[in-house]
Every structure is written in structure tokens, then in C-alpha cells.
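Position in the sequence shown (first residue = 1) + 1 = the numbering used here. We put the CB at the ideal spot given by N, CA and C, even for glycine. Given the structure is predicted, the values throughout are model-derived calculations rather than measurements.
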Amino acid sequence: MKRESFVELLIKKIVTKINISSFVMGLVSLVLLSSSNVVFAHAALTKAEPARRAVLTISPKQVRLWFNEEIEADYASLSLYDANGKALTEKKPLVHPDDAKSIYLELPELAGGQYTVKFRVLSVDGHVVDSEYNFTVKNK
Ligand SMILES: [Cu+2]
């Protein structure tokens, strides 16, 4: 009887240890998983200026895009096209000096009309993210 309860106690202890270690393992893998998500996530646009579908009364000086991760300027493209599909500048986008997650393209004076911003950036995980959106400059 005493022997049995000792064995029972031993088994209980082992089971508790296993539970704790599997809990710790689970925690560790959770932390690893979430940190790898942060490192390997897609680059996503978080903000744009001019904003999508914005209607402006004055010509913007630049198009600026913000992402959720740092952008490699060498693999980034950002262009502006008019309603006829003509590029408005041959300039290349630059990473903003104050924010490595933001790129911008300097613009010439824009006449009234609808414009399309097209961009393509390389995510840290190696995936290319590209998209486009429109904004309008009102006729003066
Ligand atoms: Cu990805």
C-alpha cells in the first residue's frame, strides 16, 4: 500500500514535469513563431501621401509611402503616371532619411487630372509586393 502510493507520487511528479516542460516548449515555440512572423512578414503599405483616392487642390511636392518594415531602396520602385499612362518623372524613389520604412518620389508640378501611383518593394522575406492607387489634382 505504501509502496503503491510512492509509485503514484513518482508518476504524478513525472507527469507534472512533463506538463511543465511541454508548457515551456510551447511557450518557446510560440515566441519563436511570433518573432519569425515579425522578421519574415510581407511588407505592407501602412500609409500614403497623397492618400488613395485623395482629391487635391494643389500639386503635391512628392509621393511618400510608409511600410511596416524597412525598405531596400535598390529593390524599390515608385512611379507616377498621368491618365494617359505617361510617367511624370524619371526620378528614382529614395528612402526617407528620417525613416527607413518610408520611401518618397519627388514630383514636378502636376496639372489638374487623375494620377496613378505604382509601387513595388521587396519584403524582408523575399516576396515582391506591388500595388497601385489613384489620386486626383483638381483643375485650377
Ligand atoms: Cu511574404
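Per DSSP, the bridge partner or partners of residue i
i	result
Thr117	Tyr82, Asn135
Ala49	Leu66
Val96	Ile104
Val129	Leu123
Leu89	Note: Leu89 sits in no beta bridge, so no partner.
Leu57	Val138
Secondary structure of residue i, DSSP reduced to three states
i	result
Ser103	strand
Ala74	helix
Glu9	helix
Asn38	Because the pLDDT at Asn38 is just 46, under 50, the model does not fix this residue reliably, and the point stays unresolved.
Own chain, CB closer than 8 Å to residue i, minus 5 neighbours either side, in chain order
i	result
Tyr105	Gln63, Val64, Arg65, Leu66, Leu79, Pro94, Leu95, His97
Ala49	Val64, Arg65, Leu66, Trp67, Val118, Tyr134
Ala55	Phe136, Thr137
Leu108	Ser60, Pro61, Lys62, Gln63, Val64, Leu81, Leu89, Thr90
Asp100	Trp67
Lys139	Val56, Leu57, Thr58, Gly113
Same chain only: Cβ atoms within 7 Å of residue i, ignoring 5 sequence neighbours per side
i	result
Gln115	Ala84, Asn135, Thr137
Residues near residue i in its chain [Cβ-Cβ closer than 6 Å; skip 5 each side]
i	result
Ala45	Asn69
Tyr76	Leu123
Contact belief for residue i with residue j at Cβ below 8 Å, rounded distance in angstroms
i	j	result
Glu71	Leu123	Wrong, their Cβ atoms sit about 11 Å apart, outside the cutoff.
Lys87	Gly113	In fact, because the Cβ distance is near 15 Å, the residues do not count as touching under 8 Å.
Phe120	Ser103	12 Å between Cβ atoms; not a contact.
When you compare the region 89 to 98 with the region 128 to 140, are there three or more beta-carbon pairs, one atom per stretch, that lie closer than 8 Å? Taking a cut-off of 8 Å for Cβ pairs, the region 89 to 98 and the region 128 to 140 do not touch, as fewer than three such pairs fall below it.
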